[in-house]
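Contents: one structure, followed by commentary.
Numbering (this note's numbering), first residue to last: -15 to 463.
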């Protein structure tokens, strides 16, 4: 058996699978976020440990763990967890969605080596600008920093006693030479740090360390059980969904939207706002286009109309050509391809014929075109798409998937119901670390149905997408 642990922002999930990848048990422990100031987002690392202990206690109460052969880790990326020389926590961890380091990120991003070496824009949510903020605003604390860990890697420290990270999560710090899959001494030096302040690196499918004896005894897990490197949340989810080979991709319609594609070569293009990170398996990278509001935009519109998302999308009928109404889903800015924190959403082209159904279709189309912007940005780097999965709550809308398939001119495959998230991917990485092969372990899920493009509406969606792109540039300085 294998355990996958996924440290999310809202909770810790523990999943137990057998060697046939059948889910045997799962457990969950809630987490909360502290927001002491506007734009700040923090968690106490002690809460992560408490949640992990509770979840594994519950898992052990549901199923004996004496046949566990490996543990894998997944987690929220970019968090800055600062430890002193005794590995004591110096302050609450600064999370991925904390924007306090906006000025520091802007300064770093204007310094050419950051993009050239890391392969990415330096976003405020990434780890390096947060350390620059601490250096500037909490200098006495910065002087005590001996070790910087990402959230899941702090869990690893507790589980194993070893300070280790892996390539996919490390790529989101801005300190990794993403092409070389190693820390950049030059970028660390720009933040007043050295390699000695960083954990050692392994691949996500390699053994990082072994479980501490006292914890193995607590849960009835065999001693010296290996803990895999694991992966950042999106990379681990991709492993769970079988997206690990060039040409494989998924579109996730959750609160935010992600278009994720695996690559066999390193293809950075920071100017597009595309994230180019190492994947959780060796000699593989991945690219992500990120949109900040997917189902979040639909839920916002549902609350505005006094309805709910399921009701709004249930009676749309067959796919229609887009109308005059255009919706920009930039309710909190946009990441790919614009990297624009100031832009805000808009409805334009409304007329007397715009009823609730027409406005709902416009919202779905707006998110669809945002996905298409990501698709175009990834393709511009040379990334290919051969097999595209649909994941997330929004994939339950047949209309939405038809609109995306038609706009991208590409079939979309909908897997059977199942768990393809970070915890499942982490458990698969544990299997790989104990001797499994990527081809055998990281299989695609069974497909329930395939959504094909509508060839008769392709031109209409292409025209509407062009209008959508023009609308952004027309309104960007007005919102």
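By construction, the Cβ of each residue, glycine as well, lies at the ideal position given by its N, Cα and C atoms.
Source: prediction; values computed, not measured.
Find out if the Cβ-Cβ distance for the pair residue i, residue j is shorter than 9 Å.
| i | j | result |
| --- | --- | --- |
| residue 78 | residue 24 | yes |
| residue 388 | residue 235 | yes |
| residue 275 | residue 459 | no |
| residue 282 | residue 355 | no |
| residue 347 | residue 306 | no |
| residue 221 | residue 15 | no |
| residue 218 | residue 61 | yes |
| residue 435 | residue 398 | yes |
| residue 246 | residue 224 | no |
| residue 114 | residue 216 | no |
| residue -10 | residue 417 | no |
| residue 111 | residue 32 | no |
| residue 309 | residue 332 | yes |
| residue 373 | residue 233 | yes |
| residue 5 | residue 415 | yes |
| residue 138 | residue 56 | no |
Check residue i in the structure and name its three-state DSSP category.
| i | result |
| --- | --- |
| residue 329 | coil |
| residue 35 | helix |
| residue 123 | helix |
| residue 360 | helix |
| residue 178 | coil |
| residue 13 | strand |
| residue 6 | coil |
| residue 137 | helix |
| residue 294 | helix |
| residue 79 | coil |
| residue 101 | helix |
| residue 27 | strand |
| residue 419 | coil |
| residue 300 | coil |
| residue 265 | coil |
| residue 115 | helix |
| residue 379 | helix |
| residue 409 | helix |
| residue 153 | helix |
| residue 18 | strand |
| residue 109 | coil |
| residue 350 | helix |
| residue 324 | strand |
| residue 143 | helix |
| residue 43 | helix |
| residue 462 | coil |
| residue 385 | helix |
Which residues does DSSP list as the beta-bridge partners of residue i?
| i | result |
| --- | --- |
| residue 390 | Residue 390 is not bridged to any residue. |
| residue 272 | 244, 259 |
| residue -14 | 1, 54 |
| residue 367 | Residue 367 is not bridged to any residue. |
| residue 312 | 330 |
| residue 193 | 211 |
| residue 161 | 166 |
| residue 403 | Residue 403 is not bridged to any residue. |
| residue 374 | 235 |
| residue 317 | 315 |
| residue 171 | Its beta-bridge partners do not exist; DSSP assigns none. |
| residue 73 | 67 |
| residue 253 | Answer is none; residue 253 lacks a bridge partner. |
| residue 434 | 397 |
| residue -9 | -4, 59 |
| residue 355 | Partner(s): none; residue 355 has no beta bridge. |
Where do the ends of the beta strand (DSSP E) carrying residue i lie?
| i | result |
| --- | --- |
| residue 58 | 54 to 59 |
| residue 65 | 65 to 67 |
| residue 236 | 232 to 237 |
| residue 396 | 396 to 399 |
| residue 185 | 184 to 186 |
| residue 149 | 148 to 150 |
Starting from residue i, trace the alpha helix (DSSP H) both ways and give me its first and last residue.
| i | result |
| --- | --- |
| residue 86 | 86 to 93 |
| residue 445 | 442 to 459 |
| residue 428 | Neither: residue 428 is in no alpha helix (DSSP H) and is coded neither H nor E. |
| residue 285 | 279 to 289 |
| residue 217 | 217 to 224 |
Cβ of residue i within 8 Å of any heavy atom in the ligand FMN?
| i | result |
| --- | --- |
| residue 169 | For the structure depicted, the ligand FMN is absent and the ligand set is empty, with no information on it obtainable. |
request  = Decide yes or no for the touch test of the region 167 to 184 against the region 142 to 151: beta carbon pairs closer than 8 Å, at least 3 of them.
outcome  = Three or more pairs of CB atoms, one per stretch, sit closer than 8 Å, so the region 167 to 184 contacts the region 142 to 151.
Note to self: Could you check whether the region 125 to 137 touches the region 237 to 257, counting it as contact only if at least three pairs of C-beta atoms, one from each stretch, sit closer than 8 Å?
What the structure shows: At 8 Å Cβ cutoff, the stretches do not touch.
- Message: Using a Cβ distance threshold of 8 Å, determine whether the region 433 to 451 contacts the region 292 to 305, with at least three qualifying pairs required.
- Response: Here the region 433 to 451 makes contact with the region 292 to 305; the two share three or more CB pairs at distances below 8 Å.
Checklist entry - Should the region 316 to 331 be called in touch with the region 357 to 364, which here means at least 3 C-beta pairs below 8 Å? => result Here the region 316 to 331 lies against the region 357 to 364, with 3 or more beta-carbon pairs under 8 Å apart.
Sufficient close CB pairs (3 or more, under 8 Å) joining the region 63 to 75 to the region 35 to 42: No, because fewer than three Cβ pairs between the region 63 to 75 and the region 35 to 42 fall closer than 8 Å, the two stretches do not touch.
Given 8 Å as the limit, is there contact between the region 158 to 177 and the region 97 to 104, that is, 3 or more CB pairs closer than that? Because the criterion of three Cβ pairs below 8 Å is met, the region 158 to 177 and the region 97 to 104 touch.
**Q.** At least three beta-carbon pairs within less than 8 Å, the region 75 to 89 to the region 44 to 51
**A.** The region 75 to 89 vs the region 44 to 51: no contact.
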